Amino acid sequence: MAHRTNADGSVSLLSMPVEVLLQITSNLTTSELGYLRCTCKQIETTLFPSFSREFFTRRKFMFTEFSLQALIDISKSRLSSCLSHVMFSLHRPTAFRLYNAHQVRKIDEDAKSNRFIDECVGEMTLVNTDQDVEMLVEAFGNLSNLETVGLRDFDSHSRHRDAPNDAWRSYGARTFELNTGTALGVPEQRRPPFYTGDSTLSCEATHLSRVFINILRAVGKAQSRLPRFEVILRKNSLYDHAFHLPKYLEPTVDPVLAGLRTLFLDLNTAFDSYGVDVNGVPTECSSYFLRRFFSKLHELEHLRLNFRDYTTTNDILTWLSQPVTAVPSSPPSGIPFPRSPPPVDLIKLQRLDIGMTAIDSGVLLALIRKYGVTLRTISFHKISLLEPPLIAPEDRSNLWAKFFGQLSKLDLKISAINLQFLSQGPNEMPTARHVTFMDTSHSSIRNWAGPDMQSGLRDYITYTSVVGLNGKESSSDSSESNPDSKC
1 MAHRTNADGS VSLLSMPVEV LLQITSNLTT SELGYLRCTC KQIETTLFPS FSREFFTRRK
61 FMFTEFSLQA LIDISKSRLS SCLSHVMFSL HRPTAFRLYN AHQVRKIDED AKSNRFIDEC
121 VGEMTLVNTD QDVEMLVEAF GNLSNLETVG LRDFDSHSRH RDAPNDAWRS YGARTFELNT
181 GTALGVPEQR RPPFYTGDST LSCEATHLSR VFINILRAVG KAQSRLPRFE VILRKNSLYD
241 HAFHLPKYLE PTVDPVLAGL RTLFLDLNTA FDSYGVDVNG VPTECSSYFL RRFFSKLHEL
301 EHLRLNFRDY TTTNDILTWL SQPVTAVPSS PPSGIPFPRS PPPVDLIKLQ RLDIGMTAID
361 SGVLLALIRK YGVTLRTISF HKISLLEPPL IAPEDRSNLW AKFFGQLSKL DLKISAINLQ
421 FLSQGPNEMP TARHVTFMDT SHSSIRNWAG PDMQSGLRDY ITYTSVVGLN GKESSSDSSE
481 SNPDSKC
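Each residue of the sequence shown is one higher than the one before, counting from 1 in UniProt numbering.
What follows is the structure, given as structure tokens:
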């Protein structure tokens, strides 16, 4: 095919095959691509399909009026059908500066200062009046191909056009900082939220739970069929109060939870236990509201639970691993407590991911055994198996090799196992002993996939080593290498 040439003999962009033009534009930064699209209508038309797929399949917004209005505008445009993954950032105007009015500023900063005040009080009013929910309802109602809603507290540097120097930020973040001369803030939990004398942490935990529940409310009010909800946090985590669903919210939120097929949660179990009635005995129940939340997940296929700072999570994971039994009806015991939430059965669970926790190997084994009929993939990230307390160095054993040996005795249909940065030791993480895999280039990571689970587990048993076990690096012993031996 002949190409249109310019007077100097060069080929015009307008005459290039689309594939060649896309290859050229793949090397441009986001700003440069924008300038090119504005050169002429034909170029814009040619680039629009690839542009919309790259930049409007996934978009990130924050809880400010400007950002949420942009989401509404996109949902009403020709880009609406492209948007399938909407993420929300916890970044917001930092109101701290409002309460430091004694700071001296130059007169030419007054315009930026006024804009900053407008943004801060506007964000307060937005969430205090539920206008954020109403705006989300309008946007979600227009997004016919919405598949995933996510919540983040960090900016990614993974976009190939601008990485690694420029992060992928929420819509409106850069404009806010240019107009106000102030950086956006993000909540960061450093101690339990109700730590005495630290009301800031309580406010941050409350803000996170408000955003979490408001997203679910908006999806429910929009009657959107949402299959995937991802909460991925690095500096924060959800406390139990985030999962409190009073009766007046159940008609709105319950259908959303019932339809979820994938759920990612970052949890912190450092929250007051709730008093419950267990066979007429007052008993403390940790993660009470989370347990009730789980009982509403009827279609769940993929569950990912990350915990905070390796807190011991035996309670909630033990509850998830317990078999479902018929609860006999009994007369009221006279104790002014609700009944303990019964165990749940996630009958469609195919993938289970657990990370950042210290746990007893028996609990982990029971959890996999319970869902063995449907479970196909398990992933463990930064998990530490708990050793018996006060164990002598000479009595330590390779707990992970034993775990894999016990796993091989179960009737499972697992086709993939993904392990990263494992360890074992007491509950105090600084003294944990790290696991290495002797047959991988990255010794802390090992993934397996295939139809023969027994073969995969034999490799895990053989090549799993614990650094510093008995004062030296130790791989599995002969009893651990034999799946049929007693553990």
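Glycine included, C-beta positions come from ideal geometry on N, C-alpha and C.
Please read all numbers here as calculations on a predicted model, not as lab measurements.
Any idea what DSSP makes of residue 140, helix, strand or coil? Counting from one through the sequence shown, the residue named residue 140 turns up at place 140. DSSP places residue 140 in helix when its eight states are reduced to three.
Per DSSP, residue 282 forms a beta bridge with which residues? Taking the sequence shown and counting its residues from 1, the one referred to as residue 282 is at position 282. Per DSSP, the beta bridge partners of residue 282 are 277.
Measuring straight from C-alpha to C-alpha, what distance separates residue 42 and residue 14? Position 42 of the sequence shown, counting from 1, holds the residue named residue 42. Position 14 of the sequence shown, counting from 1, holds the residue named residue 14. Cα to Cα, residue 42 sits roughly 7 Å from residue 14.
So, residue 186 versus residue 216, is the Cβ gap smaller than 7 Å? Walking along the sequence shown from the start, residue 186 turns up at place 186. Walking along the sequence shown from the start, residue 216 turns up at place 216. In this structure, the beta-carbon distance from residue 186 to residue 216 does not fall below 7 Å.
What does the alpha-carbon distance come out to for the pair residue 513 and residue 62? What is shown of the chain runs 1 to 487, which leaves residue 513 out entirely.
Would you mind sorting residue 464 into buried or exposed? The rule is 16 or more other CB atoms within 10 Å of its CB. On the sequence shown, residue 464 is found 464 positions in, with the first residue counted as 1. It counts as buried.
For residue 58, the nearest candidate out of 299, 151, 305 and 26 (CA to CA): As a first step, residue 58 must be located in the sequence shown, where it is residue number 58. Ranking 299, 151, 305 and 26 by Cα distance to residue 58 puts 151 first.
From the DSSP output, which residues share a beta bridge with residue 351? Taking the first residue of the sequence shown as position 1, residue 351 is located at position 351. DSSP output for residue 351 lists 302 and 377 as bridge partner(s).
Would you call residue 457 buried or exposed, if buried means 16 or more other Cβ atoms sit within 10 Å of its Cβ? Within the sequence shown, numbered from 1, the residue matching residue 457 stands at position 457. Buried is the call here.
Which residues in the same chain as residue 47 place their Cβ atom closer than 6 Å to its Cβ, once the five residues preceding and following it in sequence are excluded? Numbered from 1 along the sequence shown, position 47 holds the residue referred to as residue 47. Around residue 47: 37.
Backbone CA spacing between residue 325 and residue 279 [nearest angstrom]: Here residue 325 is taken as the residue at index 325 of the sequence shown, counted from 1. Here residue 279 is taken as the residue at index 279 of the sequence shown, counted from 1. So the two alpha carbons sit approximately 15 Å from each other.
Below 8 Å, can you find three or more Cβ-Cβ pairs linking the stretch 333-342 to the stretch 357-374? Cβ pair count under 8 Å is below three, so no.
State the beta-bridge partners of residue 168 as determined by DSSP. Mapped onto the sequence shown, residue 168 falls at position 168. Note: residue 168 sits in a beta bridge opposite 156.
In chain order, what are the residue ranges of uninterrupted beta strand (DSSP E) at least 3 long that sit wholly in the stretch 18-71? If we require 3 residues or more, the beta strand (DSSP E) runs fully inside the stretch 18-71 come out as 58-62.
Within a Cβ cutoff of 7 Å, which residues of the same chain sit near residue 54, ignoring the five residues on either side of it in sequence? Residue 54 sits at position 54 when you count from the first residue of the sequence shown. The beta carbon of residue 54 sits closer than 7 Å to none of the beta carbons in its chain outside the five residues before and after it.
Tell me whether the beta-carbon of residue 307 lies closer than 7 Å to the beta-carbon of residue 267. Numbered from 1 along the sequence shown, position 307 holds the residue referred to as residue 307. Numbered from 1 along the sequence shown, position 267 holds the residue referred to as residue 267. At a Cβ-Cβ threshold of 7 Å, residue 307 and residue 267 count as neighbours.
Please report whether the beta-carbon of residue 417 lies at a distance below 7 Å from any beta-carbon of chain D. Note that chain D does not occur in the displayed structure, where there is just one protein chain.
CB-CB under 7 Å to residue 297, same chain, minus the five flanking residues each way: which ones, in chain order? Numbered from 1 along the sequence shown, position 297 holds the residue referred to as residue 297. Contacts found: 257, 260, 263 and 346.
Extent of the continuous beta strand (DSSP E) to which residue 259 belongs: Within the sequence shown, numbered from 1, the residue matching residue 259 stands at position 259. Looking at the DSSP string, residue 259 is not in any beta strand (DSSP E); the run it does join, the alpha helix (DSSP H), is 250-259.
Would residue 409 be called buried (16 or more neighbouring beta carbons within 10 Å of its own) or exposed? To locate residue 409, count along the sequence shown from 1; it is residue 409. With fewer than 16 other Cβ atoms from the protein chains shown falling within 10 Å of its own Cβ, residue 409 counts as exposed.
When DSSP labels each residue in this structure, what does residue 186 get in the three-state scheme? For the purposes of this step, residue 186 is identified with residue 186 of the sequence shown, where counting begins at 1. Residue state, collapsed to three classes: coil.
Between the C-alpha atoms of residue 363 and residue 318, what's the straight-line distance to the nearest angstrom? Residue 363 sits at position 363 when you count from the first residue of the sequence shown. Residue 318 sits at position 318 when you count from the first residue of the sequence shown. Computed Cα separation, rounded: 6 Å.
Between the beta-carbon of residue 469 and the beta-carbon of residue 433, is there less than 7 Å? Within the sequence shown, numbered from 1, the residue matching residue 469 stands at position 469. Within the sequence shown, numbered from 1, the residue matching residue 433 stands at position 433. Contact annotation: residue 469 and residue 433 have beta-carbon atoms nearer than 7 Å.
Endpoints, alpha helix (DSSP H) assigned at residue 225: Sequence index remark: in the sequence shown, residue 225 carries index 225 (1-based). Here residue 225 belongs to no alpha helix (DSSP H), and DSSP marks it neither H nor E.
Is residue 150 helix, strand or coil by DSSP? Numbered from its first residue, the sequence shown carries residue 150 at position 150. When DSSP states are grouped into helix, strand and coil, residue 150 belongs to the strand group.
Rank 316, 349 and 416 by C-alpha distance to the C-alpha of residue 271 and give the top, closest one. Counting from one through the sequence shown, the residue named residue 271 turns up at place 271. That would be 316, whose Cα lies nearest to the Cα of residue 271.
Going straight from the alpha carbon of residue 25 to that of residue 165, what length do you get? For the purposes of this step, residue 25 is taken as residue 25 along the sequence shown, with counting starting at 1. For the purposes of this step, residue 165 is taken as residue 165 along the sequence shown, with counting starting at 1. Going by the C-alpha atoms only, they are around 19 Å apart.
Any 3 or more C-beta pairs closer than 8 Å across the stretch 64-83 and the stretch 131-143: Three or more pairs of CB atoms, one per stretch, sit closer than 8 Å, so the stretch 64-83 contacts the stretch 131-143.
Closest to residue 413 by C-alpha separation, out of 450, 222 and 367, would be which residue? Sequence index remark: in the sequence shown, residue 413 carries index 413 (1-based). Looking at 450, 222 and 367, the one whose alpha-carbon comes closest to that of residue 413 is 450.
Excluding five sequence neighbours on each side, which residues of the same chain lie with their C-beta closer than 7 Å to the C-beta of residue 220? One-based indexing of the sequence shown puts residue 220 at position 220. Closer than 7 Å at Cβ, skipping near neighbours: 252, 253, 255 and 256.
Around the Cβ of residue 446, are there at least 16 other Cβ atoms within 10 angstroms (buried) or fewer (exposed)? Here residue 446 refers to the residue found at position 446 when the sequence shown is read from its first residue. Label assigned to residue 446: buried.
State the start and end residues of the unbroken beta strand (DSSP E) segment that holds residue 467. Working through the sequence shown from its first residue, we reach residue 467 at position 467. Counted as a single uninterrupted DSSP element, the beta strand (DSSP E) harbouring residue 467 occupies residues 464-469.
I need the straight-line Cα distance from residue 20 to residue 49, nearest angstrom please. Here residue 20 refers to the residue found at position 20 when the sequence shown is read from its first residue. Here residue 49 refers to the residue found at position 49 when the sequence shown is read from its first residue. Distance between the alpha carbons of residue 20 and residue 49 is about 15 Å.
Assigned secondary structure, residue 264 (DSSP; H/G/I helix, E/B strand, else coil): The residue you call residue 264 lines up with position 264 of the sequence shown. In this structure, residue 264 counts as strand in the three-state DSSP scheme.
Using the C-alpha atoms, what's the distance from residue 208 back to residue 240? For the purposes of this step, residue 240 is taken as residue 240 along the sequence shown, with counting starting at 1. For the purposes of this step, residue 208 is taken as residue 208 along the sequence shown, with counting starting at 1. Rounded to the nearest angstrom, the two C-alpha atoms are 12 Å apart.
Where residue 397 and residue 122 are concerned, what is the direct C-alpha to C-alpha distance, given to the nearest angstrom? Counted from its first residue, the sequence shown places residue 397 at position 397. Counted from its first residue, the sequence shown places residue 122 at position 122. Their Cα atoms are separated by approximately 58 Å.
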